[in-house]
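Residue numbers (our numbering): 1 to 842.
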Amino acid sequence: MLSERKLSAHTLAALLWISFAVGTINAQVTATVSGRVEDSSGAAVPGASVTVTSLETGAGRTATTNETGTYRVLSLPVGRYEVKAELAGFKSALQTGVNLAVGEEAVVNLKLEVGAAQELVTVTGEAPLVNTTTASVSGLVGEREVKDLPLNGRSFDNLITLNPGAVLYNFKAGASVGSGEGAYFTVAGRRPSDNLFLLNGIEYTGSSNIGITPGGVSGQLLGIDAVREFNVLGDTYSAEYGKRAGGQISVVTQSGSNQLHGAGFEFLRNSALDARNFFDQKAQPTDPRIPPFRRNQFGGSIGGPIKKDKMFLFGNYEGFRHSLGLSNVAFVPDNDARQGMLPCNVIYTAPADRTANCPNLNAPVRVPRLDSRMLPFMRLWPAPNGPEQVANGMATGVAKNFNNPVQTIREDFGTTRFDLNASDKDTFTTAYTIDDGHNVSPLTNPFFATIADLRSQVLSAQETHVFSPQFLNTVRMGFSRASFNFDSPELDTTIPPDITLFKGKPPGCLAIGGASCAAVNNITPGGGGISGRLYNTRNLFTGSDDVQLVRGKHQLSFGAWVQRIQVNANSAARNYGEADFASLLTFLQGTTTNWVGTPNRTFLYWRSMQGAWYVQDVIQLRPNLTVRAGLRDEFTNGWNEKYGRAAQYVLDANGVPTSDPVTSTTRIGKSTFQDNKATRLFSPRVSFAWDVFGNGKTSMRSGVGMYYSLLDNLSFQMNFTAPYNVLFAFNNLSLYDSPLPPPVVPGTALPPFCAPGVPNPCTLVQAQGVQLNAKTPTVISWNYSIEQQLMRNMSLRVAYVGSHGYHNIIDIDANTIPQQICNNPAGCASGGIRANPPVLVP
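Shown next, in the form of structure tokens:
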């Protein structure tokens with residue numbers, strides 16, 4: 001894997017595009033109310049008391065308007081509020097219907113009329129359609145959308161694509177230790193791996209080697225009844241956001257309130273009204289018309305007060321049960337092939353040989369040079385129950401097997417949240433979420449299946465202390481854990497345990513008529529997957545401290561973030577073994593094209609420490625013009641193996657290994673990197689928002705910023721570098737006459753590595769690793785947007801969004817020819833480099 005030198009990308013969005021994001025420091029889980037208090041003539045009213053009160057919990061916060069009549073109330077929990085302004089000599093003004101969303105800055109302007117303070121003027125507010133502050137977040141999926149929009153599967157991440165610029169990158173990933181179960185999204189043209197999910201401000205991670213997007217074994221992101229709302233921050237977000245350069249998906253869970261509330265549900269899907277599809281075939285005459293299907297999703301939630309206005313509790317549970325009969329067509333050896341006989345035309349392919357040896361081209365004959373030791377492996381395929389496959393009218397020795405195995409999925413999701421209003425100055429929130437599931441998905445060969453077990457947990461705690469209405473501090477601690485276990489065992493328990501490639505393990509995989517078990521083959525692979533009993537656990541310990549200070553026209557924000565990462569991986573590939581055969585004939589003769597496996601596995605323990613600090617100022621230059629300027633610095637100590645087993649190959653200036661990558665590893669130590677380039681990653685960010693006419697109906701906004709994607713998931717590239725988890729590979733040898741005939745005993749010493757002077761058979765090693773001086777992937781992004789309210793409930797936004805990315809991680813092309821220095825300009829070949837001056841030859 002290399003750090004790509006430069007990669008440019010420009011994303012254009014014409015209508016309804018996500019603009020830049022927040023300006024408040026705790027925008028992940030809170031909101032802000034700001035505005036201006038005026039008298040009847042439009043003059044500013046300084047010294048007015050403005051109280052913002054939650055209609056759900058009764059908690060209130062008070063601020064005082066400054067000399068320009070403006071106020072700002074920071075770090076408010078999301079929910080429904082009312083805002084009241086009071087000053088001696090004026091009637092009190094109350095605005096109701098203020099709904100605060102995560103990351104939002106709601107502008108509430110109040111007008112005071114001369115009169116007795118006991119008199120109250122009430123105004124019912126409407127949600128503004130146009131964002132006029134830098135603290136507004138586009139891409140909000142609010143409580144109404146989360147609760148009311150129909151979702152097949154009740155996976156709330158399906159709502160992410162409601163936001164312009166957010167695109168589903170691919171289908172839901174299947175059970176795989178490599179890709180994980182979460183859906184992949186690209187936001188603003190960034191890579192799916194650049195996205196970051198936050199649950200109540202704490203990272204919500206997946207566990208697989210490549211894709212760390214959260215998701216359960218059902219392929220869904222459950223818990224929609226526990227989600228209040230979420231934001232998709234797509235581009236040029238402010239300095240408190242970091243670690244990844246892609247979309248920041250900030251999810252806030254429901255909380256309890258002064259009113260007891262709850263719900264219960266049961267959703268059922270089944271095959272009662274399903275139509276038969278083309279591939280539905282009865283494996284047995286007594287089978288149902290179509291494979292049965294039943295899915296139950298059930299659960300409930302409840303929330304309410306423990307002590308009114310003080311303590312609140314919310315809990316949610318959702319269960320997912322899925323049973324689906326699959327419609328599979330497997331191609332298996334026919335009954336004659338199972339006895340060591342094949343059609344004569346398969347054995348003799350030349351016309352002359354067929355004339356001499358095949359009076360009947362379709363008649364089965366004994367395979368010449370039959371290796372009888374291969375016949376027991378026929379137990380790895382089900383018997384045919386369908387017709388013989390023919391090619392050009394001739395039998396092939398292959399027949400169909402129709403089967404309807406049942407896929408079963410169990411997943412349980414639960415969350416609980418506790419809120420405490422300890423005093424007027426202190427609030428405390430803690431939440432715990434867990435998702436646990438088990439997925440058994442039979443393969444096309446019904447004797448085998450992939451089994452995935454996944455458990456994700458997020459624990460968060462947050463305390464906010466208000467020193468004064470203009471000065472507050474928020475401390476947040478959290479723990480995230482995702483553990484993934486993957487296996488590919490046999491479902492047919494009658495298969496003898498000695499029919500296996502590696503002793504004491506499931507059979508492994510046999511591919512016939514294809515390059516590998518992962519490729520398209522003439523015959524459905526025998527055995528299960530090439531790998532199993534793979535474990536990957538990802539632990540994140542996170543802490544942050546954020547300060548907000550309002551001084552006149554300035555809202556200052558500064559803070560620090562630190563995260564400890566642990567990845568414990570036992571994920572060596574092909575640890576069950578794989579044998580590939582060119583044809584059914586060579587299979588029966590025992591001659592492989594590839595015989596590969598990893599008999600000796602090493603559990604690796606990866607560690608990383610990452611951190612950041614930032615400062616930011618939001619300046620109210622004019623009542624209708626706000627400028628935000630921030631600076632963030634991120635850093636990491638690299639990617640380290642706890643016991644000093646980070647193996648790497650050292651490359652010269654031309655990208656050529658300084659030693660043979662097949663025979664040796666030139667560097668083994670604690671750190672993946674020889675030179676850590678991520679110790680000082682400064683990222684400036686600037687933006688402005690202009691309420692053009694001062695009426696909140698027309699805005700112009702723009703911003704530019706630099707963002708980094710910290711390298712926090714490199715174990716997949718580092719787990720298979722020699723001398724750890726070495727994959728042996730033999731080519732074009734007899735399976736049983738190879739240096740490692742099956743069943744291979746784990747722990748067996750491997751033959752010498754292939755090298756000049758080492759005769760065959762020898763062990764090939766797959767060279768993997770990471771560039772020793774890899775730089776951190778970087779994105780510079782910018783945008784410009786115009787937004788106009790057209791009617792009371794309609795607005796239009798037109799925006800341009802651009803980005804430039806470089807140092808992105810890519811796979812190296814193993815067949816690249818190193819560039820050569822050429823001292824003879826007349827004889828330099830294309831792709832070479834002239835010595836003087838050093839210019840690439842076109």
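Quick reminder that beta carbons are idealized off the backbone N, C-alpha and C, glycines included.
The residues Q220, L222, I224, F267, Q297 and E318, in chain order, have a CB closer than 8 Å to that of R154 in the same chain once the five nearest residues on each side in sequence are set aside.
Rounded to whole angstroms, the separation of the alpha carbons of F447 and P343 is 26 Å.
Approximately 35 Å separates the beta-carbon atoms of W606 and G703; this is outside 8 Å, ruling out the contact. Counting along the chain, V232 sits inside no alpha helix (DSSP H); it lies in the beta strand (DSSP E) bounded by residues V227 to L233.
The DSSP-derived three-state label of P496 is coil. Beta-bridge partners assigned by DSSP to H438: R410 and D453. For V78, the closest alpha carbon among the candidates S516, T53, K91 and T68 is that of T53.
Less than 8 Å separates the beta-carbon of G705 from that of S683. The residue from Q259, S257, H322 and S218 with its alpha-carbon nearest to that of R269 is H322. Buried is the label assigned to K84, since at least 16 other Cβ atoms lie within 10 Å of its Cβ. Assignment of beta strand (DSSP E) within the segment 479–524, counting only whole runs of 3 or more residues, yields 509–512 in chain order.
Distance check between V329 and each of W381, K308 and G300 places W381 closest, using alpha-carbon atoms only.
In the three-state scheme derived from DSSP, where H, G and I count as helix and E and B as strand, A63 is classed as strand. Membership of T355 in the alpha helix (DSSP H) is indicated by the continuous run P351 to N357. Assignment of Q717 by DSSP, reduced to helix, strand and coil, places it in the helix class. DSSP, reduced to helix, strand and coil, places L199 within a strand of the structure shown.
For K307, there are no CB contacts under 6 Å within the same chain when 5 residues up- and downstream are skipped.
Here the alpha carbons of Q339 and A774 stand approximately 56 Å from one another. A distance below 8 Å separates the beta carbons of A612 and G242. The continuous stretches of beta strand (DSSP E) do not include I347, which lies in the alpha helix (DSSP H) extending over residues C344 to I347.
Taking all protein chains shown into account, S238 has 16 or more neighbouring C-beta atoms within 10 Å of its C-beta and is therefore buried. Beta-bridge annotation (DSSP): W782 is paired with V704 and G802. Distance from the CA of N445 to the CA of G325, rounded to the nearest whole angstrom, comes to 14 Å. A distance below 6 Å between beta-carbons, with the five flanking residues on each side excluded, links N568 to the following residues of its chain, in chain order: T537 and Y605. Between Q407 and V440, the C-beta spacing is below 8 Å.
Taken through DSSP and simplified to helix, strand or coil, S301 comes out as strand.
The residues A44, V45, G69, N109, L110, K111 and L112, in chain order, have a CB closer than 8 Å to that of E38 in the same chain once the five nearest residues on each side in sequence are set aside. The Cβ atoms of V475 and D545 lie closer than 8 Å to each other. Going by beta carbons, T500 and P507 fall inside the 8 Å limit. Contact between T124 and G103 is absent: CB atoms are separated by about 24 Å, not below the 8 Å threshold. Residue range L534 to R551 is occupied by the beta strand (DSSP E) that includes R538.
Residue burial is scored here from C-beta neighbours: T122 has fewer than 16 other C-beta atoms within 10 angstroms and is therefore classed as exposed.
DSSP, read as helix, strand or coil, puts I619 in strand. G552 places its beta carbon less than 8 Å from that of N66. Per DSSP, the unbroken beta strand (DSSP E) holding F265 starts and ends at H261 to N270. For K84, the enclosing beta strand (DSSP E) covers residues G79 to E86.
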